[in-house]
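Residue numbers are given in UniProt numbering: position 101 of the sequence shown equals residue 101, and the series is strictly consecutive. Cβ coordinates follow ideal geometry from the N, Cα and C atoms, glycine included. None of the values given here were measured: they were computed from a predicted structure. This report concerns only the one structure given below.
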Amino acid sequence: MMTDTRDALIDAARDAASRAYAPYSGFHVGAALLLKNGDVVTGANVENASYGLTLCAETTAVAKIANEGWIGELVEVAIVGGRPEGDTLIGSDPVNPCGRCRQILNEAAERSKTDILVHCASGDGGAVATYRLSELLPAAFGPKDLGMIPD
1 MMTDTRDALI DAARDAASRA YAPYSGFHVG AALLLKNGDV VTGANVENAS YGLTLCAETT
61 AVAKIANEGW IGELVEVAIV GGRPEGDTLI GSDPVNPCGR CRQILNEAAE RSKTDILVHC
121 ASGDGGAVAT YRLSELLPAA FGPKDLGMIP D
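So, in structure tokens, the structure goes:
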């Protein structure tokens, strides 16, 4: 993993978080997906008054790549979250993807045939934890279990 790539992805995720729609929680999350061709696709959380309909940042970004036909191109992800204060995010703990997002990311990772890197960053930029998706979602259920991905 190159630190420059990681840092660029985190910056893109932080920028995406600035466009989050989070009037209920006040917690902004951004995600940046690195594709095999070097393109970066971002997403931010979109809350809804009916909380169960809220979309996480990772989900919106994965939906974008699926819609463009790039679901099998994912290689790396960065996630940033925190509370907005002016033009910055505050929060000192890395933000990890929720269980639903881990499953959504697994779908794209299996299609990409890659155990993707997941960079989890704090809002203030002071802390980053990097994992392989298989560490965050061991024994995942996905397309391979349905015979959809050849070995």
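By the beta-carbon neighbour count (other beta carbons within 10 angstroms, threshold 16), A49 is exposed. Taking 8 Å as the cut-off, the Cβ atoms of V29 and G91 do not count as close. Contact annotation, L55 with Q103: C-beta distance approximately 14 Å; criterion of less than 8 Å not satisfied.
Among the bridge pairs identified by DSSP, L34 is matched with V40 and E76. Only residues of its own chain outside the window of five on either side were considered, and among them I65, A108 and R111 have a CB closer than 7 Å to the CB of I71, listed in chain order. Going by DSSP, L89 is part of no alpha helix (DSSP H) but of the beta strand (DSSP E) stretching over T88 to I90.
One Cα belongs to A140, the other to G125, and the distance between them is close to 29 Å.
Secondary structure note for C120: its beta strand (DSSP E) is the uninterrupted segment L117 to S122.
Burial check for E135: the Cβ neighbour count within 10 Å stays below 16, so the residue is exposed.
The C-alpha of D115 is placed about 18 Å away from the C-alpha of A61.
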